[in-house]
Amino acid sequence: MQLIDRALNALEILSQNMNGMSVTDLAEQLGIPASSTHRILSSLKGNHFVVQDEHTKKYRLGYKICAIATGVVKGSALTQAAQMPMRRLAEKIDRNVVLCIMEHGAVMNVACSERGDSNMYMVKIGHEIPFYSTSAGRVFMAYMNWSEALDILDREKRTKTTPNTKTDLKELNEELDRIHNQGYAVIDEELQMGIIGAACPVFDRNGELAAAIAFTSMKDGDTEKMFQRICQLKECAKEISEAIR
2 MQLIDRALNA
12 LEILSQNMNG
22 MSVTDLAEQL
32 GIPASSTHRI
42 LSSLKGNHFV
52 VQDEHTKKYR
62 LGYKICAIAT
72 GVVKGSALTQ
82 AAQMPMRRLA
92 EKIDRNVVLC
102 IMEHGAVMNV
112 ACSERGDSNM
122 YMVKIGHEIP
132 FYSTSAGRVF
142 MAYMNWSEAL
152 DILDREKRTK
162 TTPNTKTDLK
172 ELNEELDRIH
182 NQGYAVIDEE
192 LQMGIIGAAC
202 PVFDRNGELA
212 AAIAFTSMKD
222 GDTEKMFQRI
232 CQLKECAKEI
242 SEAIR
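Once you know that position 74 of the sequence shown is 75 in this note's numbering, the rest is easy, because the numbers rise by one and skip nothing.
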């Protein structure tokens, strides 16, 4: 079991270092000897889960991981139901549209329809995103009890990634109430300067929060256009909610 845990941890670390890692660097992050790390990588390489660069000798994820991830996404009723509405919305607003879920106390991007400016905030499928400084993360917290949200906020470092990032608990509490009442969240240059994002809740047949649908955009100062996009986002969220009921 320990070997399996270490192999899975190695894959997770490699997923966050797309340029590859040396045996030494990976061993340091895993907290195990380089010899043990080398054995793990050799096994993963033999099964095509990782590949090794011939020149740098660094290891990175192999395409077999992509095949597994694709199978997970395609096999989800939620992602299947969201696929076409997301694509239509992305075409309408000419922006990246992302589907996020909460699993094991973390918010994760699970699907994306890419459109618009390639310079926008990069969406990585399968990667966790912060609760406190993303529109999807705040949607999930807005539909929790404040005590649950507070546990998450206490766990996160709440680093100010931009001058606009909200980190004050009182301010965040008020923001979550506002999100719950209006049915959407907006992040205005809080995660990255020049980027604005919005998210809406998706509900299952029991009326429980199942996911959040979000988009990111370069900030252009056109508030009327932004409001139109949010209205279209709400319609998309409603369509997905109806499809999974």
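Just so it is clear, CB atoms sit at the ideal spot from N, CA and C, and this is done for glycine as well.
Unbroken stretches of the beta strand (DSSP E), 3 residues or longer, contained in the region 31 to 86: 51 to 53 and 60 to 62
Pairwise C-alpha distance: M87 and K226: The sequence position of residue 226 within the sequence shown is 225, counting from 1. The sequence position of residue 87 within the sequence shown is 86, counting from 1. So the two alpha carbons sit approximately 19 Å from each other.
At least 3 beta-carbon pairs within less than 8 Å: the region 188 to 197 vs the region 209 to 228: yes
Would you report the Cα separation of H61 and C113, rounded to the nearest angstrom? As a first step, residue 61 must be located in the sequence shown, where it is residue number 60. As a first step, residue 113 must be located in the sequence shown, where it is residue number 112. The sequence as given places Arg at residue 61; His does not occur at that position. Using only the alpha carbons, I get a separation of about 23 Å.
Starting from D152, trace the alpha helix (DSSP H) in both directions and tell me its first and last residue. Residue numbering aside, residue 152 sits at position 151 when the sequence shown is read from its first letter. Start and end: W147 to R156.
Enumerate in chain order the residues of its own chain whose CB-to-CB distance from L116 is below 7 Å, with the five nearest sequence positions on each side excluded. Counting from one through the sequence shown, the residue named residue 116 turns up at place 115. First, the residue type needs correcting, since residue 116 is Arg and not Leu in the sequence shown. So the qualifying residues of the chain are A91, E92, D95, R96 and N97.
Assuming A78 and V140 are in contact, meaning their beta carbons sit under 8 Å apart, how far apart are those beta carbons, in whole angstroms? Here residue 78 is taken as the residue at index 77 of the sequence shown, counted from 1. Here residue 140 is taken as the residue at index 139 of the sequence shown, counted from 1. A78 to V140, Cβ: 20 Å. No contact.
Buried or exposed, going by whether 16 or more other CB atoms sit within 10 Å of the CB of F64? Locating residue 64 in the sequence shown gives position 63, counting from the first residue. In the sequence on display, residue 64 carries Tyr and not Phe. Result: exposed.
Can you confirm whether the region 200 to 210 touches the region 165 to 176 when touching is taken to mean that 3 or more C-beta pairs between the two stretches lie within less than 8 Å? no
Sheet register partners of F204 (DSSP bridge): As a working note, residue 204 is residue 203 in the sequence shown. Note: F204 sits in a beta bridge opposite L210.
In chain order, what residues of the same chain lie with their CB nearer than 6 Å to the CB of I153, ignoring the 5 residues before and after it? Indexing the sequence shown from 1 puts residue 153 at position 152. Answer for I153: F132, listed in chain order.
Given a cut-off of 9 Å, decide if I180 and A238 are closer than it, judged by their beta-carbon atoms. Residue mapping note: residue 238 aligns to position 237 of the sequence shown, counting from 1. Residue mapping note: residue 180 aligns to position 179 of the sequence shown, counting from 1. Contact flag unset, no.
Measuring alpha carbon to alpha carbon, tell me which residue in H49, T57, I197 and K59 is nearest T163. Start at 1 with the first residue of the sequence shown, and residue 163 comes out as number 162. The residue with the shortest Cα to Cα distance from T163 is I197.
Quick one: Cα of R40 to Cα of Q53, how far? The residue you call residue 40 lines up with position 39 of the sequence shown. The residue you call residue 53 lines up with position 52 of the sequence shown. Going by the C-alpha atoms only, they are around 14 Å apart.
Check F132 in the structure and name its three-state DSSP category. In the sequence shown, counting from the first residue as 1, residue 132 sits at position 131. If DSSP states are grouped into helix, strand and coil, F132 belongs with coil.
Contact under 9 Å by Cβ, V111 with T80: By one-based count along the sequence shown, residue 111 stands at place 110. By one-based count along the sequence shown, residue 80 stands at place 79. Yes, the pair counts as a contact, with Cβ atoms nearer than the cut-off.
Within the continuous alpha helix (DSSP H) that includes E13, where are the two ends? Position 12 of the sequence shown, counted from the start, is the residue given in the question as residue 13. First-last of the alpha helix (DSSP H) with E13: Q3 to S16.
Let me check one thing: in DSSP terms, what residues is T217 bridge-paired to? Stepping through the sequence shown from its first residue, residue 217 is reached at position 216. Paired residue(s): N97 and G198.
Quick one: using the 10 Å Cβ neighbour count with 16 as the cut-off for buried, is Q229 buried or exposed? Against the sequence shown, residue 229 aligns to sequence position 228. It is exposed - the Cβ of Q229 has fewer than 16 other Cβ atoms within 10 Å.
Rounded distance between the beta-carbons of I241 and A82, thought under 8 Å: As a working note, residue 82 is residue 81 in the sequence shown. As a working note, residue 241 is residue 240 in the sequence shown. Indeed, because the Cβ distance is near 6 Å, the residues count as touching under 8 Å.
Let me know if I130 comes out buried or exposed under the rule of 16 or more other beta-carbons within 10 Å of its beta-carbon. Locating residue 130 in the sequence shown gives position 129, where the first residue counts as 1. Classification for I130: buried.
Using 10 angstroms around the beta-carbon of Q193, count the other beta-carbons present and answer buried if the total reaches 16, otherwise exposed. Residue mapping note: residue 193 aligns to position 192 of the sequence shown, counting from 1. By the neighbour-count rule (16 or more Cβ atoms within 10 Å), Q193 is buried.
S114 lies in the beta strand (DSSP E); which residues open and close that run? Taking the sequence shown and counting its residues from 1, one reaches residue 114 at position 113. Per DSSP, S114 belongs to the beta strand (DSSP E) from A107 to S114.
Between Q30 and the rest of its own chain, which residues show a CB-CB distance below 6 Å, the 5 nearest in sequence each way excluded? Counted from its first residue, the sequence shown places residue 30 at position 29. For Q30, where only same-chain residues beyond five positions count, the Cβ hits under 6 Å are I14.
Beta-carbon gap between V24 and A35 smaller than 9 Å: Taking the first residue of the sequence shown as 1, we reach residue 24 at position 23. Taking the first residue of the sequence shown as 1, we reach residue 35 at position 34. Closer than 9 Å, so yes.
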